[in-house]
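**Q** First the structure, which I've put down as structure tokens, then a few questions once you've had a look.
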Amino acid sequence: MRKLLICGICLLVLLPAMASATTYTGSLVVGGDPLAYSTIWFDKTGTDTYEQAGGGSIDTSYLDGDELAWLYCVDLFTSVSVATYPSTLVSDSGDIYGGTYSAIADVAWLLDNYATGGQGDDAKALQAAIWTTVHGTDYDLSPSSSAFNKYTDMLAALDLTTETGNVGNYLWISPRLEAGGAFSQGLVGVKVSAPVPEPATMLLFGTGLIGLVGTRLRRKRK
10 MRKLLICGIC
20 LLVLLPAMAS
30 ATTYTGSLVV
40 GGDPLAYSTI
50 WFDKTGTDTY
60 EQAGGGSIDT
70 SYLDGDELAW
80 LYCVDLFTSV
90 SVATYPSTLV
100 SDSGDIYGGT
110 YSAIADVAWL
120 LDNYATGGQG
130 DDAKALQAAI
140 WTTVHGTDYD
150 LSPSSSAFNK
160 YTDMLAALDL
170 TTETGNVGNY
180 LWISPRLEAG
190 GAFSQGLVGV
200 KVSAPVPEPA
210 TMLLFGTGLI
220 GLVGTRLRRK
230 RK
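When we follow my numbering, the leftmost residue of the sequence shown carries the number 10, and every step to the right adds one.
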């Protein structure tokens, strides 16, 4: 019984660390056929000249062998290839390349409400909305895009909301081929597998465990 009580106390002591942000090195496999990906015409210069950029979720990709439900680009000015990146940095606090974008909570809100796999108009609109949110309104989706109306609806909803996105729900990914090497395009994704319980849930579990041990000890003393 004493061992169980000690385990329960140790669990509570560890909870603050469990709730804190984490960054680790993982292996990212960017999958799919790049020739099959949808594209969007995106204004990358602040003029009426639109350039072609990838649109939609990069499917199917894997992180440490686990399938990602979807994978979107955060950065606009670098690229990522269909390849394996064995020295990828992964963060749950919005860190890309070791730093946090100022609009990362807004990106998380867009993901909370609109994230989807595939390369349909919903996914293309979301990708464009992420880029506009991160890099500013000089980087807009072409009005001729089939996803334009959904794109503007997403940005309008973001502008009206008073809610904050759940940054910690997602994996903020900086692909890298080797330690100390250059980073490829910053990404964000989420695994298909069930998420780890939230710290609050673990707190209830820990206090419940101690309560259970206490009850058993009291019964033993009777």
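The beta-carbon is built from N, C-alpha and C at its ideal position, and this holds for glycine as well.
Helix, strand or coil for Ile-139, going by three-state DSSP, please let me know.
**A** Helix at Ile-139.
**Q** To the nearest angstrom, how far is the alpha carbon of Pro-206 from that of Gly-189?
**A** Residue placement at Pro-206 is poorly supported in this model, since its pLDDT is 45, which falls under 50; the coordinates are not used for a value here.
**Q** Just list the residues that DSSP pairs Arg-75 with in beta bridges.
**A** For the sequence presented, residue 75 should be read as Asp rather than Arg. DSSP lists Leu-72 as partners of Asp-75.
**Q** Are the CB atoms of Lys-200 and Leu-120 within a distance shorter than 8 angstroms?
**A** Not a contact, by the Cβ cut-off of 8 angstroms.
**Q** Please confirm whether Thr-97 and Ser-36 have their CB atoms less than 8 angstroms apart.
**A** Cβ distance < 8 angstroms, so Thr-97 and Ser-36 count as in contact.
**Q** Please look up how many angstroms separate the CB atoms of Tyr-81 and Arg-185, rounded, as I've assumed it's under 8 angstroms.
**A** Contact doesn't hold; Cβ gap of about 18 angstroms is too wide.
**Q** Do you know how far the Cα of Gly-195 is from the Cα of Asp-84?
**A** Distance between the alpha carbons of Asp-84 and Gly-195 is about 5 angstroms.
**Q** DSSP state of Tyr-33, grouped into three classes?
**A** Residue state, collapsed to three classes: strand.
**Q** Is the beta carbon of Ile-49 less than 8 angstroms from the beta carbon of Ala-62?
**A** Cβ atoms of Ile-49 and Ala-62: closer than 8 angstroms.
**Q** Mind listing, in chain order, the continuous alpha helix (DSSP H) runs of no fewer than 4 residues lying wholly within the region 113-179?
**A** Counting whole runs of 4 or more residues, the region 113-179 contains the alpha helix (DSSP H) stretches 113-123, 130-144 and 157-169.
**Q** For the beta strand (DSSP E) that Val-201 lies in, which residues bound it at each end?
**A** Where Val-201 is concerned, there is no enclosing beta strand (DSSP E), given that its DSSP letter is neither H nor E.
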